[in-house]
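Quick notes on the structure that follows.
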Amino acid sequence: MGRTVEILSGKAELCRSIMGALPDWFSEPEVIEASAEAVEELPVFGYIEADVVTAMIALKPHLPDAIEIALIATRPDYHGRGAGRHLVDAAERFAHKSGARLLTVKTLAPRGRDEPQFEATRRFYDRAGFVRAEVFAKLWHEDHPCLFMVKPLIETQLSRTAL
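For what it's worth, the UniProt record's numbering labels the leading residue of the sequence shown as 1, then goes sequentially.
Have a look at this one:
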């Protein structure tokens, strides 16, 4: 069993290492480099097993009520072992502490191709309680439609409603 920790230094290197090991998801070097640069300024959590950071999540606060999962990635040898679920839990805790009411994520929308890796990603978010909210056909690129997914954070909503 692993543990989740906040990553305070070496975020860009960690990002490059994990994304670089996932060419089926992240095949464009410029995307990996832009992500590595971006995570330096974001809250990042890692999942550690046997002293190895097996997965990471970077969170982007959007004022006042949403936290976006800007990046989540797991090293290939650790897929399906629960690291992603633990990191989404950490994101929810972070969002609650921040007073956010929504957790959001953007991922590749279905585009009529045989892409089991992206279907697995969408199923992961479905199982984690995210709702498929909208497709933005050209947010990233006309060949990369963006699926915007949202997870309401119920406890935060109830506490605000009670006020």
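A virtual CB, placed ideally from N, CA and C, is assigned to each residue, including glycine. For clarity, every value in this text was computed on a predicted model and none was experimentally measured.
In terms of DSSP beta bridges, what is residue i paired with?
i: A128; result: A128 is not bridged to any residue.
i: P61; result: I67
i: T4; result: Y47
Exposed or buried, which one is residue i when buried takes at least 16 other CB atoms within 10 Å?
i: P23; result: exposed
i: K151; result: buried
i: V131; result: exposed
i: residue 188; result: Because the chain here runs from 1 to 163, residue 188 falls outside it and cannot be looked at.
i: R101; result: buried
i: G46; result: buried
i: E119; result: exposed
i: K138; result: exposed
i: E6; result: exposed
i: F136; result: exposed
Keeping to the same chain, check which residues put their C-beta closer than 8 Å to that of residue i; ignore five residues upstream and five downstream.
i: A21; result: R75 and P76
CB-CB under 7 Å to residue i, same chain, minus the five flanking residues each way: which ones, in chain order?
i: S35; result: C15, M19 and L71
With a cut-off of 8 Å, do at least 3 Cβ pairs link the region 33-53 to the region 99-108?
-> no
Could you tell me whether the region 1-8 touches the region 80-93, where touching means 3 or more Cβ pairs closer than 8 Å?
-> yes
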